[in-house]
Each structure stands twice: as structure tokens, then as C-alpha cells.
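Number of protein chains: 2
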Amino acid sequence: MQINIFADILKANTESARENRRLLAGKGLTALNLISSPGAGKTTLLEETIKRAGADISIGVIEGDVQTARDAERIGKLGVPVIQLNTQGACHLDAAMVAEALKELPLEKIQLLFIENVGNLICPAAFELGEDGKIVILSVPEGSDKVAKYPAIFEKAEVCILNKIDLLEYTDFNREKFYQDMNKINPEITVFEMSASTGEGMESWICWLKRKTQDSPKA
Amino acid sequence: MQINIFADILKANTESARENRRLLAGKGLTALNLISSPGAGKTTLLEETIKRAGADISIGVIEGDVQTARDAERIGKLGVPVIQLNTQGACHLDAAMVAEALKELPLEKIQLLFIENVGNLICPAAFELGEDGKIVILSVPEGSDKVAKYPAIFEKAEVCILNKIDLLEYTDFNREKFYQDMNKINPEITVFEMSASTGEGMESWICWLKRKTQDSPKA
Chain Y
1 MQINIFADIL KANTESAREN RRLLAGKGLT ALNLISSPGA GKTTLLEETI KRAGADISIG
61 VIEGDVQTAR DAERIGKLGV PVIQLNTQGA CHLDAAMVAE ALKELPLEKI QLLFIENVGN
121 LICPAAFELG EDGKIVILSV PEGSDKVAKY PAIFEKAEVC ILNKIDLLEY TDFNREKFYQ
181 DMNKINPEIT VFEMSASTGE GMESWICWLK RKTQDSPKA
Chain G
1 MQINIFADIL KANTESAREN RRLLAGKGLT ALNLISSPGA GKTTLLEETI KRAGADISIG
61 VIEGDVQTAR DAERIGKLGV PVIQLNTQGA CHLDAAMVAE ALKELPLEKI QLLFIENVGN
121 LICPAAFELG EDGKIVILSV PEGSDKVAKY PAIFEKAEVC ILNKIDLLEY TDFNREKFYQ
181 DMNKINPEIT VFEMSASTGE GMESWICWLK RKTQDSPKA
């Protein structure tokens with residue numbers, strides 16, 4: 001019974017996601033859905049990405065949070081268009097919420113749209129938003145076992161950012177186990193090891209973003 | 001519409017939770033629901049708690065995970081009764097799942113039951129399991145802003161464990177902001193700062209657990 005309800009919700013969501021995708025493709029935008037646990041570093045990653053790539057790529061942001069506008073305030077300070085969505089308790093963004101945010105953004109001026117999902121490694125994996133790709137962020141202090149324990153998002157993501165590698169020596173994160181599990185679940189995934197707060201290892205991610213957006217008619 | 005569906009699910013869950021509570025109270029058990037993001041250190045906390053308190057309190061564990069039996073295997077090595085629940089995609093435990101696990105546990109022999117929820121800071125807050133109290137674990141690398149961003153669980157919890165304090169000097173966690181936000185949201189909460197992996201600061205938590213279980217007729 002519960003499963004049927006969930007299937008209906010997912011079906012309606014997939015319809016809305018398709019409309020978002022059509023709208024975004026029509027405007028020549030590339031959209032990326034950022035998914036992680038709370039505190040893995042999504043907003044810091046966005047800030048540092050905007051600082052490094054913002055001169056070459058025109059970026060827009062949708063911020064998803066259960067409550068507060070803190071993340072949108074942080075991003076807004078960097079001078080890029082940003083919309084804050086508050087889910088008021090829901091544990092993931094859905095395509096209908098994103099459709100509302102798209103109405104408020106200057107889509108004509110944006111090449112690359114980041115959608116920062118609610119901090120949750122589970123449900124956001126099930127809800128398509130109309131994005132071109134999912135980026136999962138795992139931070140070193142969370143532990144190397146998380147790939148096997150939360151496989152859905154690692155299976156669906158195009159990129160995994162292994163963040164906070166500056167904390168590697170202070171934790172028991174097992175890099176070899178991480179890659180073994182990842183290779184079983186999604187051998188196609190691209191992994192970028194970095195520390196968004198120190199800036200270490202960010203170049204290849206920025207490079208990847210430029211390649212990803214260069215097909216857009218606005219590039 | 002979606003809200004009504006959710007309200008019905010919650011209502012059915014509250015009924016089951018009431019039955020679990022009645023069963024547990026009848027057997028003289030104290031049950032604690034452990035809630036945190038993935039990787040905040042719930043299982044390590046449990047391991048270290050069992051090592052320190054297991055001689056004085058008879059402990060049982062229900063492990064909730066989306067997939068894998070890794071956590072139950074870790075706990076099982078310590079010689080306490082443990083049941084692994086796999087939610088197969090669901091982002092939280094519910095009372096009906098816990099009721100199934102209770103059938104398999106030797107309740108007559110257990111004084112203190114830990115229920116380790118699925119790693120998620122959002123939905124587990126909404127689903128009562130029949131527990132006597134909720135323990136929220138926040139780890140330092142997640143950041144001090146998480147209390148304001150995910151208020152529901154911090155509002156409902158009886159105890160907050162601030163874990164991984166050994167990483168305080170390597171992160172930008174703002175302890176003052178953490179206590180300010182906590183004081184606004186839940187001034188009654190008891191906070192224990194610790195590092196379950198180094199053992200630092202665990203004594204007062206173990207003390208609290210002993211007080212909490214001493215009212216039980218089995219104590």
C-alpha cells in the first residue's frame with residue numbers, strides 16, 4: 001500500500017521533471033543536482049566553484065533546505081542569481097518545487113544551474129528534478145562504508161566528490177575500500193578528491209564543469 | 001494531498017509506536033532512539049558504550065540501515081543481542097518495523113534497548129518508535145549550523161551528543177553558535193561533548209545512561 005502511494009508520487013514527479021528538463025534544454029542550460037548528507041560541504045563547494053569558474057561560466061543556483069535562508073544568503077554574496085526553496089519538513093526537493101524556482105530565475109542569462117538538494121543521502125536519489133546529472137558529495141569524516149550503505153545515490157551519480165580530504169589523516173577513512181565499493185556499484189562514475197575549504201584538488205572539477213557546459217549554445 | 005497521505009501514515013505509525021511502548025514498559029525496558037546524519041558516529045558510539053556500560057547494564061540493539069548488515073555484525077562481535085532491520089530504500093525506521101524486531105529479541109534479559117535509526121537527520125524525527133527518548137548525534141565536521149537547519153530533531157531530542165570533538169581544531173565548527181542555536185530551539189536538552197573513537201568525554205554519557213535505566217524494575 002505504502003509502496004503504491006510512493007509509486008504514484010514518483011510518477012507525478014517524473015512528469016514534472018520532464019517539463020523542467022524540456023524548459024532547461026530549450027534555454028541551453030546545464031543543470032546539476034548536488035546531493036549529500038548534511039554537512040558534507042555542498043554550500044562551501046558551491047561558493048568555491050563560483051569563485052573559480054564564475055568568470056568563465058554564468059552560474060545560477062537553487063538552494064534547497066528544510067528551513068532557513070542561510071545558504072542562499074551565502075551564495076547571494078557572490079553576486080550570482082539564487083533562489084531559496086524551503087521544504088518545511090520534507091526531506092528532499094521535488095520537480096514541482098524546482099519548477100517554481102525556475103520561474104523566478106533569469107534563465108536567459110544562466111549557462112550552468114546548480115540545484116543544491118536538502119541534506120540527505122537517501123530520498124533525493126529517488127526524485128528526478130529535470131537535471132542533466134547528479135553530483136554526490138561524500139566527506140571523509142562520514143566514513144568509507146557509506147557507498148555500500150547508501151548505494152542508490154552512488155549508483156545514479158555521474159560524479160562523486162570526495163570532500164574534506166584534508167581530514168584524511170585524522171579519521172579512519174579507508175580510501176581503498178571506498179574505491180572498491182564504488183567500483184562494484186558504479187564503475188562509470190568520475191571521482192574528484194578535494195577539500196573545498198582549503199581549495200586542494202579543485203582544478204579538475206572546474207575543468208570538468210567547463211567541458212560539461214561547453215556544449216551549451218550559450219557557451 | 002501529499003500532506004494528508006503523510007498524516008495518515010504518521011497516525012498509523014503512532015498507533016504501532018504506542019503498542020511497542022506498552023510492550024517495552026511491561027518488560028521494564030528503557031528504549032533509546034539514536035538519530036543522526038550518515039557517518040556522525042552512531043555505531044562507534046554504540047560499540048564504545050557497550051564496552052563501558054555492558055558489565056553493569058544488560059544491553060540489546062536494533063540496527064536500522066537502508067542496506068547491508070555491517071552495523072549488526074560490528075555490534076554482534078561484542079556479544080550483545082542485536083537485530084538488523086533493512087529498510088530497502090526507506091529513509092527512516094517506523095514502529096511496525098521495530099515491532100518485528102522486538103519479536104526476535106530476548107526482551108526478558110534486556111534492560112536498555114538502543115534503536116539505531118537510518119542515517120538521516122530529517123524523517124526519523126517524525127516517526128515515533130515507542131522509545132523512551134531520542135538521542136541526536138551531531139558530529140563536529142558537519143558544522144555548527146545544522147541545529148538551525150534541521151531543527152525538528154534537535155527540538156524533540158532529550159540528549160544531543162556532540163561527537164568527534166577531537167576534530168574541533170581542524171574544522172570551522174563554532175561551538176558558541178552551536179549552543180546559542182540549541183538554547184533557542186531546545187533549552188532543556190542535555191549535551192554531551194565527546195569523541196567516541198578516542199573515548200574522550202564518554203564518562204558523563206555512561207553515567208546518564210545508568211541513571212536513566214536505574215528506574216527499570218530489572219535494574
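One line per chain: the protein sequences are Y and G, in this order. Take the first sequence: its letter number 205 is residue 205 in the working numbering, and every next letter is one higher. Take the second sequence: its letter number 49 is residue 49 in the working numbering, and every next letter is one higher. Every residue gets a Cβ at the ideal spot worked out from N, C-alpha and C, and that includes glycine.
query: Does the segment 73 to 85 of chain G touch the segment 105 to 119 of chain Y, meaning 3 or more C-beta pairs lie closer than 8 Å?; result: no
query: For Asp56 of chain G, which three-state DSSP category applies?; result: coil
query: Give every residue of the same chain whose Cβ lies closer than 8 Å to the Cβ of Ala157 of chain G, excluding the five residues on either side of it in the sequence, and list them in chain order.; result: Ile35, Gly133, Lys134, Ile135, Val136, Asn186 and Ile189
query: What three-state label does DSSP hand Asn117 of chain G in the structure shown?; result: coil
query: Where does the unbroken alpha helix (DSSP H) through Thr213 of chain G begin, and where does it stop?; result: Glu203 to Thr213
query: Nearest by alpha-carbon distance to Gly119 of chain G: which of Y:Glu131, Y:Ile115 and Y:Val147 is it?; result: Y:Val147
query: Grab the span of the beta strand (DSSP E) containing Val191 of chain Y for me, first residue to last.; result: Thr190 to Glu193
query: Just by C-beta distance, which residues in the segment 67 to 87 of chain G are closer than 7 Å to chain Y?; result: Gln67, Thr68 and Arg70
query: So the beta strand (DSSP E) Asn86 of chain G belongs to, where does it begin and stop?; result: Val82 to Asn86
query: Strictly under 8 Å for the Cβ-Cβ distance: is Ser16 of chain Y near chain G by that measure?; result: no
query: Return the first residue and the last residue of the alpha helix (DSSP H) that Leu93 of chain Y is part of.; result: First-last for Leu93 of chain Y: undefined, no H or E at that position.
query: Under 7 Å Cβ-Cβ, which residues of chain Y neighbour Leu29 of chain G?; result: Chain Y residues near Leu29 of chain G: none, gap ~27 Å exceeds 7 Å.
query: At least one CB of chain Y closer than 8 Å to the CB of Ser139 of chain G: is that the case?; result: yes
query: Taking the beta strand (DSSP E) that Asn163 of chain G falls in, what are its first and last residues?; result: Val159 to Asn163
query: What's the C-alpha gap between Asp166 of chain Y and Glu155 of chain G?; result: 32 Å
query: Does the beta carbon of Asn120 of chain G come closer than 8 Å to any beta carbon on chain Y?; result: yes
query: Is the beta carbon of Gly130 of chain Y less than 8 Å from the beta carbon of Val98 of chain Y?; result: yes
query: Would you identify the three-state DSSP class for Thr68 of chain Y, choosing helix, strand or coil?; result: coil
query: Kindly indicate the opening and closing residues of the alpha helix (DSSP H) around Val231 of chain G.; result: Beyond the ends of chain G as shown, which are 1 and 219, falls residue 231 of chain G; an answer cannot be given.
query: Are three or more beta carbon pairs between the segment 64 to 78 of chain Y and the segment 177 to 184 of chain Y nearer than 8 Å?; result: no
query: How would you call Ser16 of chain G, buried or exposed, if buried means at least 16 neighbouring beta carbons within 10 angstroms?; result: buried
query: Whose C-alpha, out of Y:Ala40, Y:Gly60, Y:Arg70 and Y:Lys27, is nearest the C-alpha of Met194 of chain Y?; result: Y:Ala40
query: If we cut at 8 Å on Cβ distances, does Asn20 of chain Y have a partner in chain G?; result: no
query: Report the rounded CA-to-CA distance for Leu94 of chain Y versus Ala55 of chain G, giving the unit in angstroms.; result: A small fix is needed here, since residue 94 of chain Y is Asp in this sequence, not Leu. Each residue's alpha carbon lies about 48 Å from the other.
query: Can you tell me the Cα-Cα spacing of Gly100 of chain Y and Pro151 of chain G, whole angstroms?; result: The sequence shown places Glu at residue 100 of chain Y, not Gly. Near 25 Å, if we compare the C-alpha coordinates of Pro151 of chain G and Glu100 of chain Y.
query: So that I know if they touch, is there some Cβ in chain Y lying closer than 8 Å to that of Glu47 of chain G?; result: no
query: What in chain G is Cβ-close to Ser37 of chain Y, meaning under 9 Å?; result: Ser37, Pro38, Gly39, Ala40, Gly119, Asn120, Leu121 and Glu142
query: Within its chain, find whatever has a CB closer than 7 Å to the CB of Asn117 of chain Y; leave out the 5 residues flanking it on each side and keep chain order.; result: Asn33, Leu34, Ile35, Gly64, His92, Leu93 and Pro124
query: Just to confirm before moving on: does the CB-CB distance between Ser139 of chain Y and Asn163 of chain Y stay below 8 Å?; result: yes
query: State the start and end residues of the unbroken beta strand (DSSP E) segment that holds Asn33 of chain Y.; result: Thr30 to Ser36
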